[in-house]
Amino acid sequence: MGKIKLDEIDHQILDMLIDNTRIPFTDIAKKLLISAGTVHVRVKKMEEAGIIRGSSLTLDYKKLGYSFIAYVGVYLNNTSQTKFVLERINEIAYVTVAHITTGKFNIFCKIRARSTEHAKEVIFMLDDIEGVYRTETMISLEESINDKKRLMHSIFNDM
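Numbering (UniProt numbering), first residue to last: 1 to 159.
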């Protein structure tokens, strides 16, 4: 499938949806001086092209008591165990992201926990998975950059 061509109106629609996925199409239309039907058609086109894949809700984990973030690099005994280990990792709810990687680790995970004690329990769960040789953990002191818009604007400029 070829690359989909987006125009400035599409860019502005995406910009507003990134800020607030629940913004009504009528509000987008008013700001862009186009019809709500046009917004609907353009969003539908981007959904069908796979550019927009659903929408997400952003939670404030700190307010929910899960402010501790750690990144865990997982070393495997054998790369052929990757699928099995990922299936076990997927069963640990506190692992919110997992990547198969090249380089130092076979798998790289992000975990959220209530405290250092809770994080230790989660890391031990990872260590106990059959096929895991060892893990290496880095504690996040602060999430300083989490900006989807900068990348989106760079992609638009490259188009």
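Where is the CB? At the ideal position from N, CA and C, for every residue including glycine.
Remember, it's a predicted structure, so these values are computed and weren't measured experimentally.
Can you grab the Cα-Cα spacing for the pair His118 / Phe156, in whole Å? 42 Å
Simplified DSSP state of Met125, which is helix, strand or coil: helix
Buried/exposed call for Tyr75, threshold 16 Cβ in 10 Å: exposed
Would you mind stating whether Ile69 and Ser144 have Cβ atoms separated by less than 8 Å? no
Would you identify the three-state DSSP class for residue 160, choosing helix, strand or coil? Here the chain comprises residues numbered 1 to 159, so residue 160 is not present and cannot be evaluated.
Consult DSSP for Phe25 and reduce its assignment to one of helix, strand or coil. helix
Under the DSSP definition of a beta bridge, which residues are partnered with Ile100? Ile107
If I follow the unbroken alpha helix (DSSP H) through Leu86, where does it start and stop? Thr82 to Ile89
So, with DSSP's three-state summary, where would you put Gly54? coil
Do Val122 and Val85 have their C-beta atoms closer together than 8 Å? no
Bridge partners of Tyr71, per DSSP? Lys110 and Met138
Less than 8 Å between the CB atoms is what I'm expecting for Arg112 and Tyr61, so what's the real figure, rounded? 6 Å
Short of 8 Å in beta carbon distance, which residues of its chain neighbour Phe105, apart from the five on each side in sequence? Order them along the chain. Gly73, Val74, Tyr75 and Glu136
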